[in-house]
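Numbering (the numbering used here), first residue to last: 563 to 787. A short write-up of the structure that comes next.
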């Protein structure tokens, strides 16, 4: 029996768990082997409370246990977590650009139907993940999980209001300080004839704004190119 199978067996034995509620997620992280123990599964989805155990892939020793009060996981026809569902359930990335993987765990849905996550940063010196309230609040205040621009080292959030208004915001993550917003781009397409955009940039400790109004037909023609 290989190491991963042995680990899975021991975890299940220790939990006295129903194997149909326990899932190995070996490909969601470069650093961690993940085992999710969901409260309930009905064959198509798992939801409710979940325990998420993280194991260091290099040693297969348990790194940490996280939990979610309202986890959600869609299953394919084979009873396995679907790839698309995993992207909406648990996300590993370097959120603060310090070279270590962090993790976001789905924990609830907003009134607008957005997927909300608890965001944990990896404090490698203490060998544990810690909930980061500022990044968690950023997810809550916008239309779901932010994205990461690794090349420019920026956190990018998206806020939508219906079909025709959206706001994209970019943040730097400053050690010992947290988020610093450096750009906003607002697009309003509610007018039947015009599209209005407002670009706000934080440069040399000052905000600068530029408003542009385009003929609607011209704007969407250019956008398609």
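Even for Gly, the Cβ is constructed at its ideal location relative to N, Cα and C.
Cα-Cα separation, residue 725 to residue 619 = Within the chain shown, the letter at position 163 stands for residue 725. Within the chain shown, the letter at position 57 stands for residue 619. Distance between the alpha carbons of residue 725 and residue 619: 43 Å.
Run through DSSP, which three-state label would residue 699 get?
-> Numbered from its first residue, the chain shown carries residue 699 at position 137. Helix.
Contact under 9 Å by Cβ, residue 590 with residue 584 | As a working note, residue 590 is residue 28 in the chain shown. As a working note, residue 584 is residue 22 in the chain shown. Against a cut-off of 9 Å, the Cβ pair of residue 584 and residue 590 comes out as no contact.
Determine, using beta carbons only, whether residue 633 and residue 735 come nearer to each other than 9 Å.
-> Locating residue 633 in the chain shown gives position 71, where the first residue counts as 1. Locating residue 735 in the chain shown gives position 173, where the first residue counts as 1. No.
C-beta atoms of residue 628 and residue 613 nearer than 9 Å = In the chain shown, counting from the first residue as 1, residue 628 sits at position 66. In the chain shown, counting from the first residue as 1, residue 613 sits at position 51. A contact, by the Cβ cut-off of 9 Å.
So what's residue 583 in DSSP terms, helix, strand or just coil?
-> Along the chain shown, read from residue 1 onward, the residue named residue 583 stands at position 21. In this structure, residue 583 counts as helix in the three-state DSSP scheme.
Could you have a look at residue 690 and say whether DSSP puts it in helix, strand or coil?
-> In the chain shown, counting from the first residue as 1, residue 690 sits at position 128. Of the three classes helix, strand and coil, the one that applies to residue 690 here is strand, per DSSP.
Nonlocal neighbours in the same chain, by C-beta distance under 7 Å from residue 623, ignoring five residues either side | Residue 623 sits at position 61 when you count from the first residue of the chain shown. Counting only Cβ-Cβ distances below 7 Å, and skipping sequence neighbours, we find 617.
Got a sec? Which residues, its chain only, sit under 7 Å from residue 677 by beta carbon, not counting five neighbours each side?
-> Taking the first residue of the chain shown as position 1, residue 677 is located at position 115. Here the set comprises 650, 668, 671, 706 and 707.
Is the beta carbon of residue 716 sitting closer than 9 Å to the one on residue 704?
-> Position 154 of the chain shown, counted from the first residue, corresponds to residue 716. Position 142 of the chain shown, counted from the first residue, corresponds to residue 704. Not in contact: residue 716 and residue 704 (Cβ atoms no closer than 9 Å).
Three-state class that DSSP yields for residue 667 in the structure shown = The count along the chain shown starts at 1 and reaches residue 667 at position 105. Strand at residue 667.
Classify residue 662 as helix, strand or coil using the three-state DSSP reduction.
-> The sequence position of residue 662 within the chain shown is 100, counting from 1. Here residue 662 sits in coil by DSSP.
Looking at the structure shown, is residue 645 part of a helix, part of a strand, or coil, going by DSSP?
-> In the chain shown, residue 645 corresponds to position 83, counting from 1. Correct three-state label for residue 645: helix.
In terms of residue numbering, what span does the beta strand (DSSP E) encompassing residue 726 cover?
-> Position 164 of the chain shown, counted from the start, is the residue given in the question as residue 726. Element bounds for residue 726: n/a, residue is neither H nor E.
Reference residue 770, options 743, 783 and 739, closest by Cα = Start at 1 with the first residue of the chain shown, and residue 770 comes out as number 208. Checked all of 743, 783 and 739; the closest Cα to residue 770 is 743.
For residue 783, name the three-state secondary structure that DSSP assigns.
-> As a first step, residue 783 must be located in the chain shown, where it is residue number 221. Helix, per DSSP.
Tell me which same chain residues have a C-beta within less than 8 Å of the C-beta of residue 682, skipping the five on either side of it?
-> Locating residue 682 in the chain shown gives position 120, where the first residue counts as 1. Around residue 682: 628, 664, 665, 666, 667, 691, 692, 693 and 694.
In whole angstroms, what is the alpha-carbon distance linking residue 689 and residue 747?
-> Here residue 689 is taken as the residue at index 127 of the chain shown, counted from 1. Here residue 747 is taken as the residue at index 185 of the chain shown, counted from 1. Rounded to whole angstroms, residue 689 to residue 747 spans 37 Å at the Cα level.
DSSP three-state call for residue 778: helix, strand or coil?
-> Residue mapping note: residue 778 aligns to position 216 of the chain shown, counting from 1. Residue 778: helix per DSSP, three-state reduction.
Starting from residue 601 and walking both ways along the beta strand (DSSP E), at which residues does that stretch end?
-> Locating residue 601 in the chain shown gives position 39, where the first residue counts as 1. Its beta strand (DSSP E) spans residues 594–603.
Residue 679: buried (16+ other C-beta within 10 angstroms of its C-beta) or exposed?
-> Your numbering for residue 679 matches position 117 in the chain shown. Buried, since its Cβ has 16 or more Cβ neighbours within 10 Å.
From the DSSP output, which residues share a beta bridge with residue 679?
-> Locating residue 679 in the chain shown gives position 117, counting from the first residue. In the DSSP assignment, residue 679 is bridged to 668.
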